[in-house]
Amino acid sequence: MAAQPYGLIATFETAADVYHAAEQVRDAGYKNWDVIAPCPIHGMDKAMGLKRSIVPRISLAGGITGFITGMTLIWYTNGFDYQLIVGGKPLFSPMFAFPVSYELTILFTAFATIIGMFVLNGLPMHYHPVLKYDKIGRGLDDRFFIVIESRDPRFNDANTKALLEKAGGKEITTLEA
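In the numbering used here, the protein residues as written are 6 to 182.
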């Protein structure tokens, strides 16, 4: 018994072709599919029906955590752990804590952004079934691809192939898992 294929891949010549094909795939109700392009295509997220990423929210949470950590660190160190009065200055002032808090805000934001991006994108991914396709290298140069996964609830080999042909896809091929 043969293993279930990963899905179907179709080749498109131009960015406009793949953009309009992506709109058709989205309108057909597919959820588990992707576009492979050698360059960013303005508006492709909308054409694919993707929601806004939550990475900016993760970054904001990291920045707020860094700022609070910096303020708390200086407050605890100067107010409790190592009380040192110099020239009549108070034990804690936000003005003294600002440089440390600022740097920790930047550091925690960077870490949160990178970790959030890696987790949400499922990285590192050292293998993907699309890499078995012998012409995938053209997707880094001058071709555009749409890949519809077989795990999609609407996936039916014949119907999906017909949709990709109707959308203008060339060289529609079944991908091995």
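C-beta: ideal position from N, C-alpha, C; glycine also. Bear in mind the structure is a predicted one, so any value in this text is a computation, not a measurement.
Out of the options, which has the shortest C-alpha to C-alpha gap to residue i?
i: Y24; options: G54, L13, V105 and G34; result: G54
i: W38; options: T77, L13 and T114; result: L13
i: D162; options: T179, F150, M130 and I151; result: T179
i: I119; options: I46, Y11, S64 and R57; result: S64
i: M100; options: A26, G75 and Y87; result: G75
i: F150; options: R156, I141, P158 and Q88; result: I141
i: P104; options: T77, A8 and P158; result: T77
i: K36; options: R156, F116 and D139; result: R156
i: V60; options: S106, F116 and T19; result: F116
i: F123; options: K51, S58 and D32; result: S58
i: A20; options: D147, A167, K166 and L169; result: D147
i: E170; options: D22, H131, Y11 and A8; result: D22
What residue does the beta strand (DSSP E) around residue i start on, and which one ends it?
i: D139; result: Looking at the DSSP string, D139 is not in any beta strand (DSSP E), and its letter there is neither H nor E.
Is residue i helix, strand or coil when you go by DSSP?
i: A15; result: strand
i: D22; result: helix
i: L168; result: helix
i: I41; result: strand
i: F160; result: coil
i: L180; result: strand
i: I73; result: helix
i: M53; result: helix
i: M6; result: For M6, the predicted model reports a pLDDT of 48, less than 50, meaning its position is unreliable; a value from the coordinates is still stated below. Residue state, collapsed to three classes: coil.
i: I152; result: According to the sequence provided, residue 152 is Val. The question's Ile does not apply to it. In this structure, V152 counts as strand in the three-state DSSP scheme.
Which whole-angstrom value is the C-beta distance of residue i and residue j, which I expect to be below 8 Å?
i: A102; j: I79; result: 4 Å
i: V5; j: I177; result: Nothing about residue 5 can be reported from this structure: the residues present for the chain run from 6 to 182 only.
i: G173; j: A26; result: 6 Å
Terminal residues of the continuous alpha helix (DSSP H) containing residue i?
i: V105; result: P99 to N126
Quick check: is the beta carbon of residue i nearer than 7 Å to any beta carbon in chain C?
i: T16; result: The chain inventory of the structure shown lacks chain C, comprising one protein chain alone.
Cβ contact (3+ pairs, closer than 8 Å) linking the region 88-108 and the region 122-131: Put simply, the region 88-108 does not touch the region 122-131. Fewer than three CB pairs are less than 8 Å apart.
Contact between the region 75-84 and the region 43-51 (3+ Cβ pairs under 8 Å): These segments do not touch.
Taking contact to mean at least 3 C-beta pairs separated by less than 8 Å, is the region 64-74 in contact with the region 107-116? With the cut-off at 8 Å, the region 64-74 and the region 107-116 touch.
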